[in-house]
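Trainee:
Numbering (the working numbering), first residue to last: 27 to 114.
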């Protein structure tokens, strides 16, 4: 089954509709998603604006890059320690 891609603004709008009192089944039908997906969006995007969601995405990307950099450096450090131990 093809995974649909919804923009952050669509997700935030759907959550705002749900929080404003519109029935979950109606909102889910409007966005062609399941109610479970809608509630997952609510748990992630509740109380957020579109600009905050974009900033969250930027921070998650930066965090992922930093974790990758750390993993690479930790591996290099381990290799260098093994080489030094073999020389001694």
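Quick reminder that beta carbons are idealized off the backbone N, C-alpha and C, glycines included.
Which two residues bound the contiguous alpha helix (DSSP H) that contains residue 42?
Mentor: Residue 42 -> alpha helix (DSSP H) spans 34 to 45.
Trainee: At which residues does the alpha helix (DSSP H) containing residue 52 begin and terminate?
Mentor: Taken as a continuous stretch (DSSP letters only), the alpha helix (DSSP H) holding residue 52 covers 50 to 57.
Trainee: Would you kindly work out how many angstroms separate the C-alpha atoms of residue 98 and residue 92, rounded to a whole number?
Mentor: Cα-Cα distance, rounded: 10 Å.
Trainee: Does the structure place the stretch 66 to 75 close enough to the stretch 40 to 58 that three or more beta carbon pairs sit under 8 Å?
Mentor: Yes, they touch.
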